[in-house]
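In full-length UniProt numbering, the protein residues as written are 1 to 741. Where a beta carbon is used, it is the ideal one built from N, C-alpha and C, also for glycine. To keep things clear, I will list the structure first and then write my remarks on it.
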């Protein structure tokens, strides 16, 4: 009996202990075996772990949170290519070395990491490396850190020596924000009595308020010697789309290093907060069928790979092979996605020939066109201030990428130097959109029954960054004919301002609203997007020249021809950087070639590629306007510079609160020689966005692109020998059948 009682007590104690563990685990949502840093960054109370921004605790429905997946640790990963990103082990090694390095060793907990990336080996070393024939070059990292109010840039030797070497620090500006401070600074306004009093005067509950940290640019000496940020706040009551419910005119100035509120400006107390109705965009939460036609149904057509397997290879985690192309692909915290060592196979010789050594988004400039007190500073540099890659959330299978896509994870670094994993940041997939690669049908007049056509199948590498309200989709699309298309899509949610107007008949004549009335009390503010790409071109070798092929009308002489005019081309080889600066003009057209002057086709043309612009936009701001000084890299659509490893970021290494002293525009003032040199081409893709009602409450994707196209690179059409697709090439799909037991 005593034995049974003791056993029963033991069982009850065990069950009670298990219950306590379950309750604690549920209440605090403790993580699994790994990735505690990620949880601390993204999971705070009731806030979604996938948002880059923080919100007030105690609101929202916790049941609506996505389940927490068990993330791969990548702890056993090792680099297999000289350009592979830092692994988990290497990040941990760099952290140990930095924390042991003076002066950081005196207070390691005060060391804040803002970026930690691979210090890529020199180009000749990478290009000469052969897998299996020699070991990887020595691995180094470059760290950007803050310690006791000072910025530091350091090279970290990840080998046995473990040397940490200081590097030059820019004269102005501050490092890119890390995710920890983007999150923690969102809470700073709530510690201030004046801010909370403003909320009470407006009748807003503190628990319904979310605040976003907003970079403030640079507008003079008064903003120097202190890292500053401004917060704009929204009401989350009644909708997940809180961006459509701004608390207009309430702006909070915060010291980023101390989280101290320095000033509260409240100039919109009389402006109502827009209603929550019809703002939710989530499936199952948007407009009910009684108010509209219900959900729009469309069945996505599927072109499955033959035999169910992708037609491309992802080798060693980062090398992609497809359709004659081979390139290295990796995530980057600042650039987002980096394509390197892109080479294409020549069908005539079988040789893989260089095209692009390295391509990436270097900077994004997003100025809003409202000069009023609560808006003038909204002129963002999304890559250099927020981190284009840091804001890239996991892609959604079947919706962001098709079923047969392959995914790449990213290893990023938290403020304390620890690694964390961002799953499914990049996807790679084949795309067939019903387009035609080439075709010809012969006229019946000739008596020849010829109908030849080939389908266009391409390979896409994709990422999507959600920089607060805006979503950017970046595609690198490779074609079998050697063309590379770089496309940017814009979606997400507008940054709007509140207004007292609910109808256009209330607006005074000649009043400038700085935007469009989208809904009751909501103005979508006019703004621009500029995405500047850095393209280190190695067209059939490192030394290239930039050729501007100008097109102009040539008049015929009297009696020479029944024609009065024709189009004539003239080639101009750019000698220096200023010769190659291009502002696109519709009525003064040109082609823009990057050629290898030492390589010729069999008929004597220099081999090359050309930059082919599509729809784009140019900045209309005054060149002396402080935002445009910082964004001076958008003054031209094309720049060409000699290769310099340190010139990677068009806005400078330190963009935050920079003055525009270290930009692509300032580098190019040196007017360096560029003929027959290792060249970098910079192309800016631009959008003017005048919002319209179709952008409310969430924007349909709008895209633009540019191409890198072979021009006399091949001896003839490189896909001439592509065979046509037959019915038996396609997979046979059948509905699943149920077998009776």
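Taking 8 Å as the upper bound for CB-CB distance, residue 612 and residue 547 are not in contact here, some 14 Å apart. Taking residue 140 as the centre and dropping the five residues before and after it, the same chain places the C-beta of 119, 155, 156, 157, 158 closer than 7 Å to its C-beta, in chain order. Collapsing the DSSP output to three states places residue 374 in coil. Taking C-beta atoms under 8 Å as the contact rule, residue 394 and residue 424 qualify, at a distance of about 4 Å. With a cutoff of 9 Å on beta-carbon distance, residue 538 and residue 354 are scored as near each other.
In terms of Cα proximity to residue 78, the closest of 565, 642, 135, 562 is 135. 9 Å or more divides the Cβ of residue 649 from the Cβ of residue 227. Listed in chain order, the beta strand (DSSP E) elements of length 3 or more contained wholly in the stretch 584-659 are 590-600, 606-613, 638-642. By the CB criterion at 9 Å, residue 480 and residue 437 fall inside the cutoff. Rounded to the nearest angstrom, the Cβ distance from residue 336 to residue 474 is 6 Å, consistent with a contact under 8 Å. Under the three-state reduction of DSSP output, residue 526 falls in the coil class, being neither helix nor strand. The C-beta distance from residue 153 to residue 164 rounds to 11 Å, too long to meet the 8 Å contact threshold. Of the candidates 568, 657, 426, 102, 657 places its Cα closest to the Cα of residue 626. With respect to the 9 Å criterion, residue 577 and residue 668 are classified as neighbours on the basis of their beta carbons.
DSSP, read as helix, strand or coil, puts residue 273 in coil. In the DSSP annotation of this structure, residue 312 is not part of any alpha helix (DSSP H), being labelled neither H nor E. Proximity of the stretch 629-644 to the stretch 711-729 falls short of the contact definition, fewer than three beta-carbon pairs being nearer than 8 Å.
Residue pairing of residue 337 in beta bridges, as defined by DSSP: 331. Cβ contact annotation for residue 664 (same chain, cutoff 7 Å, sequence separation greater than five): 633, 639, 650, 682, in chain order. Scanning its chain for C-beta atoms nearer than 6 Å, with the 5 sequence neighbours on each side dropped, one finds around residue 570 the residues 550, in chain order. Comparing alpha-carbon positions, the option among 174, 728, 196, 97 lying closest to residue 264 turns out to be 196.
The three-state reading of DSSP puts residue 678 in strand, counting E and B together. Secondary structure at residue 108: helix, using DSSP grouped into helix, strand and coil. Under the DSSP definition of a beta bridge, residue 368 partners with 527.
Shortest Cα-Cα distance from residue 715 to any of 608, 675, 616, 422 involves 608. Counting only residues of its own chain and dropping the five nearest sequence neighbours on each side, residue 201 has a CB closer than 7 Å to the CB of 269. Pairing residue 492 with residue 699 gives a Cβ-Cβ distance under 9 Å. About 6 Å separates the beta carbons of residue 688 and residue 528, which is inside the 8 Å limit, making them a contact pair. The C-alpha of residue 643 is placed about 6 Å away from the C-alpha of residue 680. Taking 8 Å as the upper bound for CB-CB distance, residue 183 and residue 239 are not in contact here, some 22 Å apart. Under the three-state reduction of DSSP, residue 387 is assigned to coil, being neither helix nor strand.
Per the C-alpha coordinates, the member of 179, 686, 102, 677 positioned closest to residue 420 is 179. Per the Cβ contact rule, the stretch 376-385 is not in contact with the stretch 396-414 (fewer than 3 Cβ pairs under 8 Å). Its chain contains 542, 543, 642, 643 as the residues whose beta carbon lies nearer than 7 Å to that of residue 678, once the 5 sequence neighbours on both sides are disregarded; these appear in chain order. When DSSP states are grouped into helix, strand and coil, residue 667 belongs to the helix group. For residue 422, the enclosing beta strand (DSSP E) stretches over residues 419-441.
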